[in-house]
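Numbering (my numbering), first residue to last: 3 to 264.
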Amino acid sequence: MTRLNAIEMGHGPVQLVFAHGVFGQGRNFGNVAKLLADQTTSVLLDLPNHGRSPWTDSFDFDLFADLVADELRARGAQEAPITLVGHSMGGKVAMRLALRHPELLSRLVVADMSPVARSGNDDFQYLIDSLLSLDLDRLGSRKDADDALAEKIPNTAVRAFLLQNLHRGTSGDGWQWLANLGLLQRSVDKLIDWPPISGQWDGPVLWLRGENSDHVQPGDEPIMRDYFPAADLVTIPDAGHWLHADQPQAVAQAIGEFISRS
3 MTRLNAIEMG
13 HGPVQLVFAH
23 GVFGQGRNFG
33 NVAKLLADQT
43 TSVLLDLPNH
53 GRSPWTDSFD
63 FDLFADLVAD
73 ELRARGAQEA
83 PITLVGHSMG
93 GKVAMRLALR
103 HPELLSRLVV
113 ADMSPVARSG
123 NDDFQYLIDS
133 LLSLDLDRLG
143 SRKDADDALA
153 EKIPNTAVRA
163 FLLQNLHRGT
173 SGDGWQWLAN
183 LGLLQRSVDK
193 LIDWPPISGQ
203 WDGPVLWLRG
213 ENSDHVQPGD
223 EPIMRDYFPA
233 ADLVTIPDAG
243 HWLHADQPQA
253 VAQAIGEFIS
263 RS
C-alpha cells in the first residue's frame, strides 16, 4: 500500500483528518489544528501529487479518495471512524470518499467547495503556467523565484503560498517542485469538474463557506443536500476561499462546536 505523507498534531480524543486544496500541503491547516489540539488529534495529509506524498499518472478524484481511504484504514478508521475535513479540491476528495467509503467517517467538514462542476479554468491555468515558466536551474534562492514571479503574480500572499511548493533537493539536484505541476497543467478541466457519482451519506456534515468567496453558490444547496441531507451551511465572516488562512480562529471554533454537538 502507498502511504500518504502526514503531520500529526494535538492530543485530544477525536481523530480529525485534514485534506488540503490544490497547490497546498497538509501543514496549511497547522493553525487550525493547534487551536483544536485539546479536543482533537489532527492528521494533516499531503494529498496525492502534493507535498511529500507520491505522484499519480492521472488526475482522478475517485482515485484520490481511494488513496486517502487506504490511509484512513491504515490509521484504524475501519474500527474507529474519523472526522474528515476537506478544503477546495480536498473538499471534493472528502465528499467522494464519504460516498465511496461511508464506513470510515463519523463526521464530514467541507470547506468552501460544492459537489458541482464549474466552468472557466483560466485562473488555475495561468498560475500553473506561471510556475512552470520558472527556470529552476537558474535559481540561486527562493527569493530569486519570488522576484521572477512578481510581475506575473503580483499578490505577495498568493506567491508565498505557491512557492511553498518549491523545494531544494537534498542530494545536490537543485530546486524541484513538490506538486506534480505537469499533471495539474494537463488536468485543469478535471480539477474544476465533478464527475457523476451516485449515493448519499446521511452522517453529520458541516459545510463552511467564506463570506467573500464565490466558490459556494446559492444554487448549490439542493445539490449538496441530495448527497448530504444533514449538511449544515455556516458562513465564516470576513473570509475568502482560503478561509482557514483568513480566519483560523473562526474556522476552528466552527469545527470544534460541530464536533461537540454531533
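Note that CB positions come from ideal geometry on N, CA and C, so glycine has one too.
Identity of the residues DSSP links to S44 by a beta bridge: M11 and L18
Coil, strand or helix - L65 by DSSP: helix
Whether V95 touches A67 by CB criterion (7 Å): yes
Where the alpha helix (DSSP H) through V118 begins and ends: Careful: V118 lies outside any alpha helix (DSSP H) and carries neither H nor E.
7 Å CB neighbourhood of D139 in its chain, flanking five on each side removed: G176
Residue range of the beta strand (DSSP E) that includes N108: A small fix is needed here, since residue 108 is Ser in this sequence, not Asn. From DSSP, the beta strand (DSSP E) with S108 extends over L107 to A113.
Local conformation of L185 per DSSP, three classes: helix
Residue(s) in a DSSP beta bridge with H52: DSSP, once it has assigned bridges, lists no residue as partnering H52.
Straight-line gap, L47 to K36 (C-alpha atoms, nearest Å): 15 Å
Whole-angstrom C-beta distance between F260 and V34, which should lie under 8 Å: Not a contact, Cβ separation roughly 13 Å.
Residues that DSSP places opposite W179 in a beta bridge: L168
Simplified DSSP state of R211, which is helix, strand or coil: strand
Residue burial classification, W57 (beta-carbon count within 10 angstroms, cutoff 16): exposed
I130: first and last residue of the uninterrupted alpha helix (DSSP H) it sits in: D124 to L134
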